[in-house]
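Residue numbers (this note's numbering): 347 to 614.
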Amino acid sequence: MSSSGRGFTDDLRLAHLMADDADSIAMSRFRASDLTVDAKADATAVTDADRGIEAALRRALATARPRDAVHGEELEDTGWGARRWIIDPIDGTANFVRGVPVWATLIALMVDDTVCVGVVSAPALGRRWWAAQGDGAFTGKTLFSSQPMHVSTVDRVEDAFLSYASLGGWMDTPRARPFAALLHDCARTRAFGDFWSYMLVAEGAVDLACEPELALHDMAALDVIVREAGGAFTNLDGIKGPVGPGALATNKVLHAAVVERLAPETAE
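Okay, structure coming up:
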């Protein structure tokens with residue numbers, strides 16, 4: 347990995363150290379017989395692993411970056427200022443609870459409105475992906491044992507491989523039929539889901555990934571990794587960044603065409 351970057355090398359190293367801690371906590375609780383699972387107000391699941399990971403990462407940041415703000419999925423926002431860490435302790439909690447190994451800890455650093463560092467760590471898959479602004483995107487075991495990633499060069503939707511999370515989230519939206527048409531027109535579609543769809547775009551294994559509803563903690567780390575791999579990450583309206591509504595990641599070549607195809611239908 348280049349060490350020049352844009353001044354975020356130390357932040358990336360810190361994110362990796364936090365991901366190491368998260369991996370340890372998560373794997374100690376994955377498929378544990380005494381795993382505690384509660385329902386949040388939105389009816390989604392939260393486990394003792396989710397809470398334990400976020401608390402541990404917040405403690406690490408309080409020591410290493412005490413002046414930075416922190417936004418996480420499970421706990422209250424803390425701090426203020428231009429630098430803000432974004433934490434999703436377990437992206438794919440439903441998978442985690444059921445023993446499916448497709449889940450990850452997402453760690454990102456935003457400066458003002460731009461995501462500058464992102465780490466996605468999926469220990470049950472034995473995979474990690476990361477990027478720092480200006481340094482490219484990488485996958486591997488550690489910062490010193492990695493390989494660069496780049497998006498695909500597929501230039502026709504009809505030849506594209508599309509990944510998504512589920513069909514249900516699209517059903518009651520004005521984009522339901524446009525999304526169904528996109529599924530029909532792509533060469534191949536699979537629901538790899540959650541963070542994995544977007545990392546496959548960054549690797550060039552998948553050309554498109556999209557979801558209708560996501561929160562900042564779901565998207566921030568994915569954003570910079572896809573962009574540094576040469577792709578595009580926007581909301582469904584084509585606005586850059588992890589701002590919603592939803593998310594669309596592509597190899598950049600296909601981005602404008604897919605934004606147009608996913609335009610919401612208007613009532614007649």
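Glycine included, every Cβ here is placed at the ideal spot set by N, Cα and C.
Three-state class that DSSP yields for residue 435 in the structure shown: Of the three classes helix, strand and coil, the one that applies to residue 435 here is strand, per DSSP.
For residue 543, the three-state DSSP class (helix, strand or coil): helix
Limits of the unbroken alpha helix (DSSP H) element including residue 404: 394 to 410
Reduced DSSP secondary structure (H/G/I, E/B, other) of residue 524: helix
Proximity below 9 Å, CB of residue 579 to CB of residue 463: Result no, Cβ atoms of residue 579 and residue 463 do not sit closer than 9 Å.
Through-space distance from residue 385 to residue 356, alpha-carbon basis: 37 Å
Inter-stretch contact (C-beta, 8 Å, three-pair minimum) for the stretch 510 to 528 and the stretch 545 to 552: no
Burial state of residue 565 (16 or more Cβ within 10 Å): buried
Opposing strand residues paired with residue 360 [DSSP bridges]: Paired residue(s): none; residue 360 is not in a bridge.
9 Å Cβ cutoff met for residue 538 and residue 447: no
Bridge partners - residue 594, DSSP secondary structure assignment: 556, 580
Beta-ladder partner(s) of residue 430, from DSSP: In DSSP, residue 430 forms a bridge with 415, 456.
Option in 437, 458, 409 with minimal Cα separation from residue 428: 458
For residue 475, three-class secondary structure by DSSP: Strand.
CB-CB length for residue 511 against residue 571, believed under 8 Å: The Cβ separation is near 17 Å, so there is no contact.
Contacting residues, own chain, Cβ-Cβ under 7 Å from residue 521 (five flanking each side not counted): 558, 582, 608, 610
Residue burial classification, residue 449 (beta-carbon count within 10 angstroms, cutoff 16): buried
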